[in-house]
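Residue numbers are given in my numbering: position 50 of the sequence shown equals residue 417, and the series is strictly consecutive. The beta-carbon is built from N, C-alpha and C at its ideal position, and this holds for glycine as well. A short worksheet on the structure shown next.
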Amino acid sequence: MPPHPRPLHARTSEARQRLTNRGGANILPNVVASHDIIPLFGRSYFMELLRTGQLPGIQVVPGGVWRCQREAFLEWLGEGQQ
């Protein structure tokens, strides 16, 4: 039996912790890109969020290139806790 997927709020909580461990939100550029958040979520979960349209911002290239204003991403990351 496959494991049950963790809910979004659990994943965003883990991502916030990873961001804190890496130095906090100030390490992120003003425009956050795919390569900035893949280390926070992992590639497969990032791709799932992208595929299902759950991330804020825009998908520049179908299948992987994504951009978002840092503040909008951080707001979304905080909302995922609910």
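Taking a contact as a CB-CB distance under 8 Å, the pair Pro396 and Arg437 counts as one, their CB atoms being some 7 Å apart. Closest by C-alpha distance to Pro372, out of Trp443, Gly391 and Leu416, is Leu416. Per DSSP, the continuous beta strand (DSSP E) segment holding Ala400 begins and ends at Val398 to Ala400. Each residue's CA atom was taken as its position, placing Glu381 and Val427 some 26 Å apart. The continuous beta strand (DSSP E) containing Arg434 extends over residues Val432 to Gln436.
Rounded to the nearest whole angstrom, the CA to CA distance from Gly424 to Val432 is 11 Å. Using a 10 angstroms sphere on the CB of Thr379, the tally of other CB atoms reaches 16 or more, which defines it as buried.
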